[in-house]
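All remarks here apply to the structure that follows.
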Amino acid sequence: MFNLAISDIRLLKVFHCVAAEKGFSPAAVKLGLSEAAVSRAMSDLEARTGLRLCTRGRGGFTLEPDGEFVLQAAQRLMSAMDDVSEQLKGYRLGIKGELRLAITESTLSDHKNRISEHIARYKSRAPDVRIELIVLPPSGVRAAIRDGRAHVGFLPAHSRADDLNYQDMHRERMSLYCSQGHPLFGKTCSKEDIYAAEIASPDYLLSDRLGIHGDRLRIVSRTNSIEGIGILVMTGSYLGFLPDHFALHWVQQGQLQELMPKVFSYHIRFCAITRADRKDSRLIRSFLRELSPTDDDLSDA
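According to full-length UniProt numbering, the sequence shown is numbered sequentially starting from 1.
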(Lines of atoms letter the chains of each structure in order from A and count residues from 1; the text may use other names and numbers.)
(Lines give C-alpha, C1' and ligand atoms only; values in the text may rest on other atoms or scores of the structure.)
Protein backbone atom coordinates (compact mmCIF):
# COMPACT_ATOMS: atom_id res chain seq x y z
CA MET A 1 0.00 0.00 0.00
CA PHE A 2 1.27 3.47 -0.91
CA ASN A 3 0.63 6.17 1.69
CA LEU A 4 1.44 9.69 0.49
CA ALA A 5 3.97 11.48 2.70
CA ILE A 6 5.02 15.14 2.73
CA SER A 7 8.34 14.18 1.14
CA ASP A 8 6.45 12.52 -1.72
CA ILE A 9 4.83 15.83 -2.63
CA ARG A 10 8.26 17.33 -3.27
CA LEU A 11 9.19 14.34 -5.45
CA LEU A 12 5.93 14.61 -7.39
CA LYS A 13 6.56 18.33 -7.99
CA VAL A 14 9.97 17.48 -9.46
CA PHE A 15 8.42 14.78 -11.65
CA HIS A 16 5.67 17.15 -12.77
CA CYS A 17 8.31 19.67 -13.87
CA VAL A 18 10.43 16.99 -15.60
CA ALA A 19 7.38 15.87 -17.60
CA ALA A 20 6.39 19.46 -18.46
CA GLU A 21 9.94 20.36 -19.56
CA LYS A 22 10.44 16.99 -21.31
CA GLY A 23 13.78 16.23 -19.72
CA PHE A 24 15.99 16.30 -16.63
CA SER A 25 18.29 19.12 -17.79
CA PRO A 26 15.60 21.72 -18.61
CA ALA A 27 13.71 20.75 -15.43
CA ALA A 28 16.87 21.31 -13.37
CA VAL A 29 17.17 24.83 -14.81
CA LYS A 30 13.48 25.51 -14.16
CA LEU A 31 13.67 24.27 -10.56
CA GLY A 32 17.06 25.80 -9.75
CA LEU A 33 18.51 22.38 -8.90
CA SER A 34 21.43 20.39 -10.19
CA GLU A 35 20.70 17.70 -12.75
CA ALA A 36 22.03 15.15 -10.25
CA ALA A 37 19.46 16.33 -7.68
CA VAL A 38 16.65 15.95 -10.22
CA SER A 39 17.90 12.47 -11.13
CA ARG A 40 17.99 11.46 -7.44
CA ALA A 41 14.45 12.74 -6.92
CA MET A 42 13.21 10.72 -9.90
CA SER A 43 14.95 7.59 -8.64
CA ASP A 44 13.48 8.11 -5.17
CA LEU A 45 9.98 8.53 -6.62
CA GLU A 46 10.31 5.36 -8.71
CA ALA A 47 11.48 3.52 -5.60
CA ARG A 48 8.57 4.89 -3.54
CA THR A 49 5.92 3.99 -6.13
CA GLY A 50 7.54 0.79 -7.39
CA LEU A 51 6.90 2.02 -10.94
CA ARG A 52 9.11 2.91 -13.87
CA LEU A 53 8.08 6.43 -14.79
CA CYS A 54 10.25 7.49 -17.71
CA THR A 55 13.09 6.65 -20.05
CA ARG A 56 15.86 8.98 -21.14
CA GLY A 57 18.69 8.34 -23.53
CA ARG A 58 19.88 9.07 -27.02
CA GLY A 59 16.32 8.88 -28.28
CA GLY A 60 15.29 11.64 -25.87
CA PHE A 61 12.90 11.71 -22.91
CA THR A 62 9.73 9.61 -22.94
CA LEU A 63 7.12 8.86 -20.31
CA GLU A 64 6.31 5.22 -19.63
CA PRO A 65 2.62 4.22 -19.33
CA ASP A 66 3.03 4.09 -15.54
CA GLY A 67 4.56 7.55 -15.74
CA GLU A 68 1.50 8.87 -17.58
CA PHE A 69 -0.71 7.58 -14.76
CA VAL A 70 1.47 9.08 -12.02
CA LEU A 71 1.67 12.38 -13.93
CA GLN A 72 -2.14 12.62 -14.05
CA ALA A 73 -2.26 11.93 -10.31
CA ALA A 74 0.42 14.58 -9.72
CA GLN A 75 -1.53 17.10 -11.79
CA ARG A 76 -4.66 16.46 -9.74
CA LEU A 77 -2.63 16.90 -6.56
CA MET A 78 -1.07 20.18 -7.76
CA SER A 79 -4.51 21.47 -8.76
CA ALA A 80 -6.03 20.51 -5.41
CA MET A 81 -3.17 22.20 -3.56
CA ASP A 82 -3.65 25.36 -5.62
CA ASP A 83 -7.39 25.32 -4.85
CA VAL A 84 -6.75 24.98 -1.10
CA SER A 85 -4.19 27.79 -1.25
CA GLU A 86 -6.62 30.10 -3.04
CA GLN A 87 -9.48 29.22 -0.69
CA LEU A 88 -7.31 30.04 2.33
CA LYS A 89 -6.20 33.27 0.69
CA GLY A 90 -9.82 34.24 0.00
CA TYR A 91 -10.82 33.40 3.57
CA ARG A 92 -7.90 35.38 4.98
CA LEU A 93 -8.75 38.39 2.84
CA GLY A 94 -12.37 38.11 3.93
CA ILE A 95 -13.91 38.49 0.46
CA LYS A 96 -17.63 38.39 1.17
CA GLY A 97 -20.81 39.96 -0.12
CA GLU A 98 -22.93 39.81 -3.27
CA LEU A 99 -21.56 39.88 -6.82
CA ARG A 100 -24.23 40.86 -9.35
CA LEU A 101 -23.53 39.85 -12.94
CA ALA A 102 -25.46 40.64 -16.13
CA ILE A 103 -24.88 38.70 -19.33
CA THR A 104 -26.36 38.90 -22.79
CA GLU A 105 -28.48 36.00 -24.00
CA SER A 106 -27.41 33.20 -26.39
CA THR A 107 -23.87 32.79 -25.05
CA LEU A 108 -23.93 29.20 -23.77
CA SER A 109 -23.43 27.80 -27.29
CA ASP A 110 -20.18 29.76 -27.73
CA HIS A 111 -17.25 27.38 -27.18
CA LYS A 112 -14.97 30.35 -26.46
CA ASN A 113 -17.22 31.64 -23.70
CA ARG A 114 -15.58 30.57 -20.43
CA ILE A 115 -17.70 32.61 -18.05
CA SER A 116 -18.96 29.50 -16.21
CA GLU A 117 -15.33 28.45 -15.72
CA HIS A 118 -14.38 31.91 -14.43
CA ILE A 119 -17.30 31.97 -11.98
CA ALA A 120 -16.50 28.46 -10.73
CA ARG A 121 -12.86 29.35 -10.10
CA TYR A 122 -13.80 32.59 -8.36
CA LYS A 123 -16.39 30.82 -6.21
CA SER A 124 -13.81 28.26 -5.08
CA ARG A 125 -11.49 31.08 -4.02
CA ALA A 126 -14.18 33.23 -2.42
CA PRO A 127 -16.77 30.73 -1.13
CA ASP A 128 -18.63 33.32 0.94
CA VAL A 129 -19.51 35.48 -2.07
CA ARG A 130 -23.13 35.23 -3.26
CA ILE A 131 -23.53 35.23 -7.05
CA GLU A 132 -26.58 36.79 -8.72
CA LEU A 133 -26.83 36.42 -12.51
CA ILE A 134 -29.38 38.09 -14.79
CA VAL A 135 -29.72 37.51 -18.56
CA LEU A 136 -30.59 40.51 -20.72
CA PRO A 137 -30.22 41.82 -24.28
CA PRO A 138 -27.04 43.88 -24.81
CA SER A 139 -28.81 47.20 -24.24
CA GLY A 140 -30.20 45.79 -20.99
CA VAL A 141 -26.74 44.70 -19.84
CA ARG A 142 -25.40 48.22 -20.37
CA ALA A 143 -28.38 49.71 -18.55
CA ALA A 144 -27.94 47.33 -15.61
CA ILE A 145 -24.31 48.42 -15.22
CA ARG A 146 -25.17 52.10 -15.45
CA ASP A 147 -28.00 51.99 -12.91
CA GLY A 148 -26.13 49.74 -10.47
CA ARG A 149 -28.30 46.63 -10.77
CA ALA A 150 -25.18 44.71 -11.85
CA HIS A 151 -21.51 45.11 -10.96
CA VAL A 152 -20.04 43.38 -14.04
CA GLY A 153 -21.67 42.85 -17.42
CA PHE A 154 -20.80 40.58 -20.34
CA LEU A 155 -21.76 41.42 -23.92
CA PRO A 156 -20.49 41.69 -27.50
CA ALA A 157 -19.01 45.18 -27.85
CA HIS A 158 -20.36 46.36 -31.21
CA SER A 159 -19.46 49.85 -30.02
CA ARG A 160 -17.84 51.25 -26.88
CA ALA A 161 -19.30 53.91 -24.60
CA ASP A 162 -17.10 56.42 -22.75
CA ASP A 163 -18.89 55.88 -19.43
CA LEU A 164 -18.04 52.15 -19.34
CA ASN A 165 -14.78 50.24 -18.89
CA TYR A 166 -14.24 47.30 -21.28
CA GLN A 167 -12.13 44.21 -20.67
CA ASP A 168 -11.77 41.95 -23.72
CA MET A 169 -12.75 38.31 -23.14
CA HIS A 170 -12.80 36.64 -26.56
CA ARG A 171 -13.78 37.20 -30.20
CA GLU A 172 -16.87 35.86 -31.92
CA ARG A 173 -17.78 35.78 -35.61
CA MET A 174 -21.01 37.24 -36.97
CA SER A 175 -22.34 36.13 -40.37
CA LEU A 176 -25.32 36.88 -42.59
CA TYR A 177 -27.96 34.11 -42.72
CA CYS A 178 -31.21 33.27 -44.44
CA SER A 179 -33.64 30.49 -43.59
CA GLN A 180 -35.06 27.66 -45.66
CA GLY A 181 -38.12 29.69 -46.68
CA HIS A 182 -36.16 32.63 -48.10
CA PRO A 183 -35.78 33.05 -51.91
CA LEU A 184 -31.95 33.13 -51.56
CA PHE A 185 -31.77 29.83 -49.68
CA GLY A 186 -29.81 27.20 -51.59
CA LYS A 187 -28.68 29.67 -54.24
CA THR A 188 -25.37 31.32 -55.11
CA CYS A 189 -26.15 35.00 -54.64
CA SER A 190 -24.43 38.28 -55.47
CA LYS A 191 -23.93 41.42 -53.41
CA GLU A 192 -26.78 42.99 -55.37
CA ASP A 193 -29.07 40.15 -54.23
CA ILE A 194 -28.13 40.94 -50.63
CA TYR A 195 -28.64 44.69 -51.09
CA ALA A 196 -32.12 44.03 -52.50
CA ALA A 197 -33.20 41.73 -49.64
CA GLU A 198 -34.94 42.89 -46.46
CA ILE A 199 -32.71 42.76 -43.37
CA ALA A 200 -33.59 42.29 -39.71
CA SER A 201 -30.97 44.26 -37.80
CA PRO A 202 -29.80 44.64 -34.21
CA ASP A 203 -29.93 48.04 -32.55
CA TYR A 204 -26.51 49.25 -33.70
CA LEU A 205 -25.12 50.53 -37.02
CA LEU A 206 -24.00 47.73 -39.33
CA SER A 207 -21.96 50.30 -41.27
CA ASP A 208 -19.62 50.44 -38.26
CA ARG A 209 -18.67 46.82 -39.04
CA LEU A 210 -19.28 46.44 -42.76
CA GLY A 211 -18.41 49.88 -44.10
CA ILE A 212 -20.03 50.68 -47.43
CA HIS A 213 -21.79 47.30 -47.52
CA GLY A 214 -23.55 48.16 -44.26
CA ASP A 215 -24.76 51.47 -45.70
CA ARG A 216 -26.37 49.70 -48.67
CA LEU A 217 -28.34 47.10 -46.69
CA ARG A 218 -32.14 47.46 -46.56
CA ILE A 219 -32.84 47.55 -42.82
CA VAL A 220 -36.60 47.12 -42.51
CA SER A 221 -36.89 45.55 -39.06
CA ARG A 222 -34.97 46.04 -35.81
CA THR A 223 -34.73 44.07 -32.59
CA ASN A 224 -32.69 44.36 -29.42
CA SER A 225 -31.62 40.72 -29.16
CA ILE A 226 -30.02 37.83 -31.03
CA GLU A 227 -33.08 35.70 -30.27
CA GLY A 228 -35.22 38.35 -31.95
CA ILE A 229 -33.09 38.35 -35.10
CA GLY A 230 -33.16 34.55 -35.16
CA ILE A 231 -36.95 34.52 -34.97
CA LEU A 232 -37.29 37.04 -37.79
CA VAL A 233 -34.79 35.19 -40.01
CA MET A 234 -36.70 31.94 -39.43
CA THR A 235 -39.84 33.52 -40.93
CA GLY A 236 -38.18 33.33 -44.35
CA SER A 237 -38.88 37.01 -44.96
CA TYR A 238 -35.61 38.49 -43.72
CA LEU A 239 -31.85 38.08 -43.77
CA GLY A 240 -30.07 38.68 -40.49
CA PHE A 241 -26.66 38.72 -38.81
CA LEU A 242 -26.21 36.01 -36.18
CA PRO A 243 -23.24 34.68 -34.18
CA ASP A 244 -21.94 31.56 -35.93
CA HIS A 245 -22.11 29.55 -32.70
CA PHE A 246 -25.78 30.51 -32.30
CA ALA A 247 -26.67 29.59 -35.90
CA LEU A 248 -24.65 26.35 -36.04
CA HIS A 249 -27.45 24.04 -34.84
CA TRP A 250 -29.89 25.24 -37.53
CA VAL A 251 -27.18 25.19 -40.20
CA GLN A 252 -26.51 21.54 -39.37
CA GLN A 253 -30.26 20.85 -39.55
CA GLY A 254 -30.43 22.43 -43.01
CA GLN A 255 -32.66 25.27 -41.83
CA LEU A 256 -30.20 28.17 -42.08
CA GLN A 257 -27.63 29.10 -44.73
CA GLU A 258 -24.68 31.48 -44.46
CA LEU A 259 -24.49 34.06 -47.27
CA MET A 260 -21.29 35.44 -48.83
CA PRO A 261 -19.10 35.10 -45.70
CA LYS A 262 -16.04 36.74 -47.32
CA VAL A 263 -18.03 39.94 -47.74
CA PHE A 264 -20.65 39.99 -45.01
CA SER A 265 -18.97 38.30 -42.01
CA TYR A 266 -17.13 40.19 -39.29
CA HIS A 267 -15.63 39.62 -35.83
CA ILE A 268 -16.52 41.40 -32.61
CA ARG A 269 -14.99 41.41 -29.13
CA PHE A 270 -16.99 39.87 -26.31
CA CYS A 271 -16.21 41.99 -23.25
CA ALA A 272 -16.69 42.37 -19.53
CA ILE A 273 -17.90 45.88 -18.67
CA THR A 274 -18.01 47.98 -15.50
CA ARG A 275 -18.90 51.60 -14.75
CA ALA A 276 -16.04 53.97 -15.50
CA ASP A 277 -17.07 56.52 -12.86
CA ARG A 278 -17.11 54.09 -9.94
CA LYS A 279 -14.14 52.65 -8.07
CA ASP A 280 -14.50 48.89 -8.04
CA SER A 281 -14.68 47.17 -4.66
CA ARG A 282 -12.16 44.51 -3.64
CA LEU A 283 -14.83 41.89 -4.38
CA ILE A 284 -15.27 43.15 -7.96
CA ARG A 285 -11.53 43.65 -8.55
CA SER A 286 -10.78 40.10 -7.44
CA PHE A 287 -13.42 38.78 -9.87
CA LEU A 288 -12.13 40.85 -12.79
CA ARG A 289 -8.66 39.38 -12.26
CA GLU A 290 -10.13 35.95 -13.04
CA LEU A 291 -11.18 37.08 -16.52
CA SER A 292 -7.80 37.47 -18.23
CA PRO A 293 -8.11 36.05 -21.76
CA THR A 294 -5.63 33.75 -23.50
CA ASP A 295 -4.21 34.32 -26.98
CA ASP A 296 -6.57 31.60 -28.24
CA ASP A 297 -9.56 33.46 -26.77
CA LEU A 298 -8.73 36.54 -28.85
CA SER A 299 -7.92 34.68 -32.06
CA ASP A 300 -10.30 34.39 -35.01
CA ALA A 301 -10.42 30.56 -34.82
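Backbone N, C-alpha and C fix where the C-beta goes; we use that ideal spot for every residue, glycine too.
As the structure is a computational prediction, the values presented were derived from the model and not from experiment.
ask   = Helix, strand or coil: which one does DSSP assign to ARG285?
value = DSSP, read as helix, strand or coil, puts ARG285 in helix.
query = Whose C-beta lies closer than 7 Å to the C-beta of PHE185 among residues of the same chain, with five residues either side of it excluded?
reply = Correct list, in chain order: CYS178, SER179, GLN257.
task = Go through its chain and collect everything with a Cβ distance to ARG100's Cβ below 7 Å, but skip five positions before and after it.
result = In its chain, beyond the 5 residues on either side, GLU132, ARG149, ALA150, HIS151 have a beta carbon closer than 7 Å to the beta carbon of ARG100.
task = Would you kindly work out how many angstroms separate the C-alpha atoms of HIS245 and ILE226, rounded to a whole number?
result = Take the alpha-carbon of HIS245 and the one of ILE226: they are about 12 Å apart.
Spatial distance of HIS118 from MET81 (CA atoms) = Roughly 18 Å separates the two Cα atoms.
query = Run through DSSP, which three-state label would ARG48 get?
reply = Of the three classes helix, strand and coil, the one that applies to ARG48 here is helix, per DSSP.
inquiry  = Suppose you measure from the CA of CYS271 to the CA of GLY23; what does that come to, to the nearest Å?
reply    = Each residue's CA atom was taken as its position, placing CYS271 and GLY23 some 40 Å apart.
query = Does the segment 158-170 come close enough to the segment 246-265 to have 3 or more Cβ pairs within less than 8 Å?
reply = Short answer: they don't touch.
message = Quick check: what's the CA-CA separation for ASP147 versus PRO138?
response = If I take the Cα positions, the gap works out to 14 Å.
request  = With DSSP collapsed to three states, give me the class of PRO127.
outcome  = Coil.
message = Within a Cβ cutoff of 6 Å, which residues of the same chain sit near THR62, ignoring the five residues on either side of it in sequence?
response = THR55.
task = Using only alpha-carbon positions, find the residue among VAL29, LEU217, LEU45, SER25 that is nearest to ILE9.
result = Considering only alpha carbons, the answer is LEU45.
ask   = Which ranges does the alpha helix (DSSP H) cover as unbroken runs of at least 4 residues, wholly within the segment 233-296, from first to last along the chain?
value = Here the runs fully enclosed are 244-252, 261-264, 282-288.
Alpha-carbon spacing of LEU33 relative to ARG121, whole angstroms = Approximately 32 Å between the Cα atoms of the pair.
request  = Give the straight-line distance between the Cα atoms of ALA197 and LYS187, rounded to the nearest whole angstrom.
outcome  = So the alpha carbons of these two residues sit roughly 14 Å apart.
task = On a CA-only basis, which of ALA157, HIS249, MET174, VAL38 is nearest PHE264? Give me that one, please.
result = Closest option to PHE264, Cα to Cα, is MET174.
request  = Whole angstroms is fine: what's the gap from ARG37's alpha carbon to LEU291's?
outcome  = First, the residue type needs correcting, since residue 37 is Ala and not Arg in the sequence shown. Approximately 38 Å, taken between the alpha carbons.
Buried versus exposed call for SER201 [16 or more other C-beta atoms within 10 Å across all chains shown] = It counts as buried.
query = What is the DSSP secondary structure of GLN167, reduced to helix, strand or coil?
reply = Note: GLN167 maps to strand in three-state DSSP.
ask   = Starting from LEU155 and walking both ways along the beta strand (DSSP E), at which residues does that stretch end?
value = Note, LEU155: beta strand (DSSP E), 152-156.
ask   = Under 8 Å between the Cβ atoms of LEU283 and LEU239?
value = Contact: no.
Spatial distance of VAL220 from SER237 (CA atoms) = The alpha-carbon atoms of VAL220 and SER237 are separated by roughly 11 Å.
request  = Flag this pair as yes or no: are the beta carbons of ALA74 and GLY153 separated by less than 8 Å?
outcome  = No, Cβ-Cβ distance for ALA74 and GLY153 is not below 8 Å.
key: Sub-8 Å separation of HIS158 and ILE268 beta-carbons   = Yes; because the gap between Cβ atoms is below 8 Å, this pair is in contact.
inquiry  = Please list the terminal residues of the continuous beta strand (DSSP E) segment that includes GLU189.
reply    = Per the sequence presented here, residue 189 reads as Cys, with Glu not at that position. Counted as a single uninterrupted DSSP element, the stretch harbouring CYS189 is not any beta strand (DSSP E), since DSSP gives it neither H nor E.
ask   = Just to confirm, are residue 308 and ILE134 a CB contact at a threshold of 8 Å?
value = Outside the displayed range of the chain (1 to 301) lies residue 308, so it cannot be described from this structure.
inquiry  = Helix, strand or coil for GLU64? Go by DSSP, reduced to three states.
reply    = Look at GLU64 here: in three-state DSSP terms it is coil, with no helix or strand label.
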